[in-house]
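Here the sequence shown stands for residues 4 to 642, where the numbers follow the working numbering. Every residue, glycine too, gets a C-beta built ideally from N, C-alpha and C. Keep in mind the model is a prediction, meaning the values are calculated, not measured.
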Amino acid sequence: MRTRQEFKRLYNSSEFKEKYLYEKNDLGAVCTEEGTSFLLWSPLAEEVKLRLYKDGEASPCQQVIFMKKEEKGIWAYRTEQKLHGVYYDYEITMEGEKIITGDPYAKACGVNGIRSMAVDLKKTDPEGWEKDVPPGHTPENVIYELHVKEFSWDSAGGFSNENRGRYRAFTQEHTTLHNDGIHPTGLDYLKELGVTHVQIMPAYDYGSVDEKNEKEFNWGYDPVNYNVPEGAYSSDPAHGEVRIREFKEMIQALHRNGFRVIMDVVYNHMYSLDNSLNRTVPWYYFRTDEDGKISDGSACGNDVASERPMCSRYILESVLYWTREYHIDGFRFDLMGLLDTDLMNRIRKELDDCYGEGEILVYGEPWAADDTAMELPALPALKKNISLLDKNVGIFCDDTRDAIKGHVFEAEIPGFVNGGKDLEEKILKSVTAWCGEKGAKAPSQIITYVSAHDNWTLWDKLAKSVKEETERLRINRMAAALYMTCQGNLFFLSGEEFARTKDGHVNTYNASIELNRLDWQRAYEYEGLRTYYRGLIALRKQFPGLCDKSENAHLRISGQWKQKGAVGFLVDNRDKNSSSPWKKLYLIYNSTEKTVTKQLPDGSWEILLDGESSFLWKNPEKTDRAEAAPVSVLVLGQR
Ligand code: CA
Numbered sequence: 004m005r006t007r008q009e010f011k012r013l014y015n016s017s018e019f020k021e022k023y024l025y026e027k028n029d030l031g032a033v034c035t036e037e038g039t040s041f042l043l044w045s046p047l048a049e050e051v052k053l054r055l056y057k058d059g060e061a062s063p064c065q066q067v068i069f070m071k072k073e074e075k076g077i078w079a080y081r082t083e084q085k086l087h088g089v090y091y092d093y094e095i096t097m098e099g100e101k102i103i104t105g106d107p108y109a110k111a112c113g114v115n116g117i118r119s120m121a122v123d124l125k126k127t128d129p130e131g132w133e134k135d136v137p138p139g140h141t142p143e144n145v146i147y148e149l150h151v152k153e154f155s156w157d158s159a160g161g162f163s164n165e166n167r168g169r170y171r172a173f174t175q176e177h178t179t180l181h182n183d184g185i186h187p188t189g190l191d192y193l194k195e196l197g198v199t200h201v202q203i204m205p206a207y208d209y210g211s212v213d214e215k216n217e218k219e220f221n222w223g224y225d226p227v228n229y230n231v232p233e234g235a236y237s238s239d240p241a242h243g244e245v246r247i248r249e250f251k252e253m254i255q256a257l258h259r260n261g262f263r264v265i266m267d268v269v270y271n272h273m274y275s276l277d278n279s280l281n282r283t284v285p286w287y288y289f290r291t292d293e294d295g296k297i298s299d300g301s302a303c304g305n306d307v308a309s310e311r312p313m314c315s316r317y318i319l320e321s322v323l324y325w326t327r328e329y330h331i332d333g334f335r336f337d338l339m340g341l342l343d344t345d346l347m348n349r350i351r352k353e354l355d356d357c358y359g360e361g362e363i364l365v366y367g368e369p370w371a372a373d374d375t376a377m378e379l380p381a382l383p384a385l386k387k388n389i390s391l392l393d394k395n396v397g398i399f400c401d402d403t404r405d406a407i408k409g410h411v412f413e414a415e416i417p418g419f420v421n422g423g424k425d426l427e428e429k430i431l432k433s434v435t436a437w438c439g440e441k442g443a444k445a446p447s448q449i450i451t452y453v454s455a456h457d458n459w460t461l462w463d464k465l466a467k468s469v470k471e472e473t474e475r476l477r478i479n480r481m482a483a484a485l486y487m488t489c490q491g492n493l494f495f496l497s498g499e500e501f502a503r504t505k506d507g508h509v510n511t512y513n514a515s516i517e518l519n520r521l522d523w524q525r526a527y528e529y530e531g532l533r534t535y536y537r538g539l540i541a542l543r544k545q546f547p548g549l550c551d552k553s554e555n556a557h558l559r560i561s562g563q564w565k566q567k568g569a570v571g572f573l574v575d576n577r578d579k580n581s582s583s584p585w586k587k588l589y590l591i592y593n594s595t596e597k598t599v600t601k602q603l604p605d606g607s608w609e610i611l612l613d614g615e616s617s618f619l620w621k622n623p624e625k626t627d628r629a630e631a632a633p634v635s636v637l638v639l640g641q642r
């Protein structure tokens, strides 16, 4: 075999680029009523055999077919046979070596993703799938980060044993706590909470759990088959069509219940370098530096080379496939800082062209774990390059997150709500989603949040600085009211609303499901906090002045003031498309131990929310001055 440097020189040569750019989207196995085609892009292969099997595990090969070499590095086999349900892999001969591999473009696979499967996708559609559409737009995107297994594993949740931890739990409606028929869990619970989008943690096929062992748990940031649902969440991982149908049933149920669905996608690295992309075209899809050293900006052992033409096509096609075939409404890009800005803008544009401007949400983590060997002229989609990204490519805003609750890695460094100093300016910038000047182009580019699956839960982070529970709850309410009255898209980790804890563990990606599960009992133990979140979300949707995602949104904020530990501002809340009764808002964030009192601008003001209740707006009292209690957010409205 060539060395990695030799591969790099070859792939970067203009001759290779011109000769082998394949621009149709029919790669993989395409299986319809008319027949089946198998197409593989493997330009360096000398011979490719397609091998067919009865199952996805140990059954012997039933048929070997020599594939035909076509233009652009394509190997093809086309037949009139309907091979739906037939498993396959490839035996590639390259530089004298024989390589066995699954199909990198597989749409279905056997257990643990080793063999691929030909699938007639029409046969996997659940009843009514052709009528499945996402719910209409809501005034704000309130995104709830959820793991398929965590959602329904807890036996207190009332899910049936056969559905627990699986896609199908989402199709089980009207579940209640211990089946008491009174306290909603599952989808009814989410409806009551008021979130609008469910962001599913990785649910494409990943490698870190044995799909046949239901005791195993992982977050799933280790892709194997990018275009296939994970098997561990299906009722039968050994039959490739089952996970596809059940994934679609999950989406259908979420849509039917009023939620849009966002997929967490990890195109920046793979579970192992020994994967189907690297086997079919060695070192094409993965970055190496000039010395042949393997790039590891993901800290997971490899970085996908998004800037290579066929790799960027691969990622783009994959996103379009999930949107088209599975009706996905948005994508959260893991370590987006390892992907390049051109790719992100291209994904944005293709989605806009197909579904309308901004209709499908696109956002990601604008950072990487380390430097990556991305090749010029490509530039990484890091926070510092936000100006190069389309206004509808969003980033998780770590500045807002850390300003509010404190350092994400350093336990003892607090934020504004828990005793941090000199953060007033950053808090005011958080309000306008860091727009204006050199910051974001518009609030559409910002994901405003204080918790996600990584690092401590909000509750566990606050526990580092505040031991006493009543006080911690007060601070938690303040943190929530603060970030939920900032511009930008709202996002939180499932369970933040009921003081979710992981017993202080920072990184539970491979910890037990018992530690990671959503604790439905706790959701009712912390009903007070949860009610506060519920009122807050309902109120936020009536604040068009904060929901505005346009470039001019920051101009709605005026009269900002700051003093030690407190800030305040006015919001122009007028909007001809909103039924909100309030034309103006006045807010104070008071993190001090003393009440902050301010004179109000002329007119009559109502108290909509304070540090204790987020439902005051239902029956608002009038006030002639703004009085923010210690450690609280105060929101006043003027009609
Ligand atoms: Ca898997």
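query = Tell me the DSSP bridge mates of His200?
reply = Ile146, Arg263
query = Closest to Leu465 by CA distance: which of Arg480, Thr451, His456 is it?
reply = Arg480
inquiry  = For a test of your reading of the model: does the CB of Asp267 fall under 7 angstroms from any non-hydrogen atom of ligand 1? Yes or no.
reply    = no
message = If you measure between the beta carbons of Val269 and Pro205, is that distance less than 8 angstroms?
response = yes
request  = Mind listing, in chain order, the continuous alpha helix (DSSP H) runs of no fewer than 4 residues lying wholly within the region 242-292?
outcome  = 243-259, 279-283
inquiry  = Which complete beta strand (DSSP E) runs does the region 22-110 hold, if anything under 3 residues is left out?
reply    = 31-35, 38-44, 50-56, 66-69, 77-82, 90-97, 100-104
message = Which of the three DSSP states is assigned to Tyr529 in this structure?
response = coil
request  = State the DSSP-derived secondary structure class of Thr188, mapped to helix, strand or coil.
outcome  = coil
request  = Specify the secondary structure class of Ser119 as computed by DSSP and reduced to three states.
outcome  = Note: Ser119 maps to strand in three-state DSSP.
ask   = Less than 7 angstroms between the CB of Tyr236 and some heavy atom of ligand 1, yes or no?
value = no
task = Quickly, what does DSSP pair Ile610 with across the bridge? List them, please.
result = Residue pairing of Ile610 in beta bridges, as defined by DSSP: Leu639.
query = Which value, in whole angstroms, describes the spacing of the CA atoms of Phe173 and Met266?
reply = 15 angstroms
request  = Can you tell me which of Asp29, Ser617, Leu461, Asp402 puts its alpha carbon nearest to the alpha carbon of Val509?
outcome  = Leu461
query = Which one of Tyr108, Glu9, Lys125, Arg118 has the shortest CA to CA distance from Glu293?
reply = Glu9
ask   = Which value, in whole angstroms, describes the spacing of the CA atoms of Lys408 and Glu73?
value = Their backbone Cα atoms lie some 57 angstroms apart in a straight line.
request  = Note the first and the last residue of the continuous alpha helix (DSSP H) segment covering Trp564.
outcome  = That residue, Trp564, is in no alpha helix (DSSP H); its beta strand (DSSP E) goes 560-566.
request  = On the DSSP bridge assignment, give the partners of Tyr209 in chain order.
outcome  = Tyr209 has Pro226 as its beta-bridge partners, per DSSP.
query = DSSP on Ala569, reduced to helix/strand/coil?
reply = strand
ask   = If you measure from the CB of Val227, is any heavy atom of ligand 1 nearer than 7 angstroms?
value = yes
query = In the structure shown, what three-state DSSP assignment does Cys314 receive?
reply = DSSP, read as helix, strand or coil, puts Cys314 in helix.
query = Quick one: does Val636 have its CB under 8 angstroms from some CB of chain C?
reply = Within the model displayed, chain C is absent; a lone protein chain is all it includes.
query = With contact counted as at least three CB pairs below 8 angstroms, one residue from each stretch, are the region 416-430 and the region 553-563 in contact?
reply = Touching, no, given that fewer than three Cβ pairs across the two stretches are closer than 8 angstroms.
ask   = What residues in its chain sit with their C-beta under 8 angstroms from that of Asn15, if we drop five residues either side in the sequence?
value = Glu378
query = From the DSSP output, which residues share a beta bridge with Ala235?
reply = Ala235 is not bridged to any residue.
ask   = Starting from Ala631 and walking both ways along the beta strand (DSSP E), at which residues does that stretch end?
value = Annotation for Ala631: the continuous beta strand (DSSP E) segment containing it runs 628-631.
inquiry  = Closest to Leu573 by C-alpha separation, out of Lys601, Lys552, Leu341, Lys579, would be which residue?
reply    = Lys601
query = Since Asn395 contacts Ser454 with CB under 8 angstroms, what's their CB separation in whole angstroms?
reply = That pair is no contact at about 24 angstroms.
message = Assuming Gly606 and Gln641 are in contact, meaning their beta carbons sit under 8 angstroms apart, how far apart are those beta carbons, in whole angstroms?
response = At roughly 5 angstroms, the Cβ-Cβ gap stays under 8 angstroms, so Gly606 and Gln641 are in contact.
ask   = Are Ala381 and Leu392 touching if we call contact CB-CB under 8 angstroms?
value = Note that the C-beta distance between Ala381 and Leu392 is not below 8 angstroms.
inquiry  = If we require 3 or more residues per run, which beta strand (DSSP E) segments fall completely within the region 409-483?
reply    = You should have 449-452.
ask   = Run through DSSP, which three-state label would Gln602 get?
value = In the structure shown, the three-state DSSP call for Gln602 is strand.
ask   = Leu493 bridges to which residues according to DSSP?
value = Answer is Val145, Thr451, bridged to Leu493.
task = For the alpha helix (DSSP H) holding Lys352, just list the boundary residues, first then last.
result = 344-358
Nearest-angstrom Cα separation, counted from Leu124 out to Glu133 = In a straight line, the C-alpha of Glu133 is about 12 angstroms away from that of Leu124.
ask   = Can you find a heavy atom of ligand 1 that lies under 7 angstroms from the Cβ of Asn115?
value = yes
Reduced DSSP secondary structure (H/G/I, E/B, other) of Thr6 = coil
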